[in-house]
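First up is the structure itself, then whatever we jot down about it.
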């Protein structure tokens, strides 16, 4: 885990080092489409809002050109402008493309709205994650409006065994499939509290299915607690995991028991938009 860094009055924590770098094209074939994709990839890799001048600096282009690019991308919904900061972030079209399956557009847009509310009202860092090819991928991340912000990049991989969302996603498949995904070898000890035995992880999954949520206590980031809840489609199948993370040691009054109902209610509202049956249970 990378070391926390203080930005103004906010502590920024990155669960995993961001090793990916954007290789910008500066050859003669760097046309409008390539430049637009460069802008989109930089915003996605940053995982935070960026202004036109910062994008221009990273792209090696003039602010005028970048302004035209972001205007085009924003008009199609691939990025969106925060009117309060005049900065840009990933838009619903980009997020919906990343989320495959029926109702993807609805749940990504709804999830962002729910996570932004949790960030603003309760200072919770929020995420949406999906299981693809045996890997957990961050689809959406919203940083908390508080003293501690946990920064991840949409599209980056998330540990399955040490996160609440990961446990929810593992619980969405059979125990046999979960064992296959985790493998037989000892898992990475990200913190002293990380459960590294695949057998022990699989043994937890029936409880996650039964109670409808997963809790993590300092297993992925020291001093950070997490709650994960499934997002379900109209058949009751788990489509994604909605999760939040928050600091354990700040005097915020947040606890796992107080936060779990907030996340469960948010995931339920999203799932109902997708037509989830009222009596849907974890399979």
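Numbering (the working numbering), first residue to last: 2 to 284.
Quick reminder that beta carbons are idealized off the backbone N, C-alpha and C, glycines included.
Predicted, not measured: the structure shown is a model, and the values here were computed from it.
Residue nearest to residue 229 within the set 91, 86, 129 is 129 (criterion: CA-CA distance). In the pairwise beta carbon analysis, the segment 181 to 200 is classified as not touching the segment 258 to 265: fewer than three pairs are separated by under 8 angstroms. The beta carbon of residue 243 is closer than 8 angstroms to those of 112, 115, 116, 127, 128, 129, 166, 229, 230, 231, 232, 264, 267, 268, 271 in its chain, skipping five residues each way along the sequence. The distance from the Cβ of residue 222 to that of residue 189 is about 14 angstroms, inconsistent with a contact at the 8 angstroms cut-off. Rounded to the nearest angstrom, the gap between the Cα atoms of residue 87 and residue 170 is 35 angstroms.
Closest option to residue 144, judged by alpha-carbon separation, among 137, 132, 136, 120: 120. By the C-beta criterion, the segment 74 to 93 is judged to be in contact with the segment 46 to 63, since at least 3 inter-stretch pairs fall below 8 angstroms. Taking the C-beta atoms as reference points, residue 142 is found no nearer than 7 angstroms to residue 149.
If you compare the alpha carbons of 82, 84, 132, 38 with that of residue 240, the shortest gap goes to 132. Between residue 172 and residue 210, the C-beta spacing is below 7 angstroms. Look at residue 85 here: in three-state DSSP terms it is coil, with no helix or strand label. Runs of the beta strand (DSSP E) lying entirely within the segment 139 to 201, each at least 3 residues long, are 149 to 151 in chain order. Counting C-beta atoms within 10 angstroms of its own C-beta, residue 92 has 16 or more neighbours from the protein chains shown and is therefore classed as buried. Take the alpha-carbon of residue 110 and the one of residue 275: they are about 12 angstroms apart.
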